[in-house]
Amino acid sequence: MAKTVRIHEFGGTDKLRIEYIEVGDPGPGEVRLRHEAAAMHFAETLIREGLYFLKPDLPSALGLEGAGIIEAVGESVTGFAPGDRAAYRFNLGAHSEARLITADQLHHLPDNIDAKTAVAATVRGMTAQYLIRQIYRPEAGETVLIHAAAGGMGTLLAQWARHLGATVIGTVGSPKKAAFARQNGCDHVIDYRRENFAARVMEITGGQGVPVCYDGVGAQVYEGTVACLAPCGFYVNYGHSSGFLPPIDAMVLNRKSLRFTKASLKDYTRTPEATAAMLSEVFELLGNGILDPQISREYKLDDIAEAHRAIASRDTMGSIVLVP
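Taking numbering that gives the first Met the number 0, the leading residue of the sequence shown gets 0, the next gets one more, and so forth.
Have a look at this one:
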């Protein structure tokens with residue numbers, strides 16, 4: 000029996016249940032994975048509320064990203080054996096002690112990447128990779144704007160952009176987060192609760208604006224972001240922790256010939272080759288210390304409601320993880 004977080008209906012944190020599920024032996028093509036750690040993403044709260052693009056049939060286990068040790072393999076499984084360390088993403092069931100999962104959903108973990116780091120940085124790192132290496136590649140000397148720069152995603156984006164030689168402006172929501180963001184790649188930090196971030200960006204850039212903004216916040220920063228982008232600038236949105244963006248008015252973008260994209264990891268991992276290349280780059284940067292997910296909190300499965308409340312409050316810094 001494996002302790003598992005499940006929901007039977009969509010709603011608030013009161014809908015989260017801890018249940019004990021019989022895992023059983025793996026069938027053909029499956030492995031039984033004993034979790035060592037699981038990620039906690041903002042998306043988990045949206046899934047619980049029924050607001051995510053992935054809306055599971057109920058009842059459903061929760062948790063999109065996990066890592067651990069393979070306990071058993073089923074028939075026809077190749078490339079994995081009991082004792083191997085493995086991880087996966089976007090497969091509900093990570094918030095549990097153990098589970099069955101098809102082997103083709105797994106990837107091996109390098110020896111120098113532990114399970115907690117893997118779940119804190121794999122999906123976020125791959126997201127950072129397509130944002131900063133495929134959508135808009137900042138060049139040395141360019142200035143970029145990163146919203147929520149003290150969060151799990153913002154931290155990796157700031158570290159990566161700084162590694163590429165960019166000047167990084169980060170927005171945060173408190174003095175404590177400002178100090179954290181400065182320690183993790185931001186050259187300039189703006190507390191949007193105390194300052195008009197758009198006006199401050201224009202001041203920092205000498206009135207030029209920034210060529211790109213990486214935004215995981217959404218509604219709360221939309222108008223300000225449009226205001227402080229440079230002509231022909233790129234508005235890259237990948238999340239909406241403050242609420243969904245308004246309908247995009249093409250004529251508003253036309254005022255400065257702005258470009259906009261609402262990006263999703265699933266469209267950048269359509270082939271095994273693309274996925275492998277992204278993972279390779281992320282693991283290389285994690286291994287050499289250029290990227291560090293900065294795990295700030297760990298929660299037990301029994302404290303799942305507290306973890307949901309913490310990440311929904313947008314008061315966390317770096318990454319938080321769950322452990323069995």
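Glycine is no exception: its CB is placed at the ideal position from the N, C-alpha and C atoms.
Source: prediction; values computed, not measured.
- Here ALA218 has HIS239, SER241, GLY242, PHE243, LEU244 and PRO245 as same chain residues with Cβ atoms under 8 Å from its own Cβ, once five neighbours each way along the sequence are excluded.
- Per the Cβ contact rule, the region 247-266 is not in contact with the region 108-120 (fewer than 3 Cβ pairs under 8 Å).
- Per DSSP, the beta-bridge partners of ARG5 are ARG16 and ALA60.
- Our two residues, VAL211 and ALA180, have alpha carbons roughly 18 Å apart in a direct line.
- Here PHE89 has LEU63 as same chain residues with Cβ atoms under 6 Å from its own Cβ, once five neighbours each way along the sequence are excluded.
- GLN293 places its beta carbon 8 Å or farther from that of SER312.
- The three-state reading of DSSP puts PHE179 in helix, counting H, G and I together.
- Judged by DSSP in its simplified three-state form, PRO245 adopts coil rather than helix or strand.
- Going by C-alpha positions, GLY26 is about 40 Å away from ILE131.
- Closest in alpha carbon position to ALA66, among PHE52, GLY73, PRO109 and THR77, is PRO109.
- The region 75-92 makes no contact with the region 182-190: fewer than 3 CB pairs, one atom from each, lie closer than 8 Å.
- In this structure, DSSP gives PRO81 a state outside helix and strand, which the three-state scheme calls coil.
- Each residue's CA atom was taken as its position, placing THR126 and ASN236 some 11 Å apart.
- With contacts defined by Cβ atoms closer than 8 Å, GLY232 and VAL209 form a contacting pair.
- Here MET39 is buried. Its C-beta has 16 or more other C-beta atoms within 10 Å.
- Taking the C-beta atoms as reference points, ILE145 is found nearer than 8 Å to LEU156.
- Distance from the CA of TYR298 to the CA of ALA309, rounded to the nearest whole angstrom, comes to 10 Å.
- VAL4 places its beta carbon 8 Å or farther from that of ALA42.
- Residue GLY164 holds the alpha-carbon nearest to the alpha-carbon of PRO137 among GLU8, ASP302, ALA36 and GLY164.
- Taking the Cβ atoms as the reference, ILE6 lies roughly 7 Å from LEU57, within the contact range of under 8 Å.
- Measuring C-alpha to C-alpha distances from SER95 to each of GLU35, LYS255 and CYS227 identifies GLU35 as the nearest.
- When DSSP states are grouped into helix, strand and coil, ASN253 belongs to the helix group.
- Going by DSSP, ARG98 is part of the beta strand (DSSP E) stretching over 97-101.
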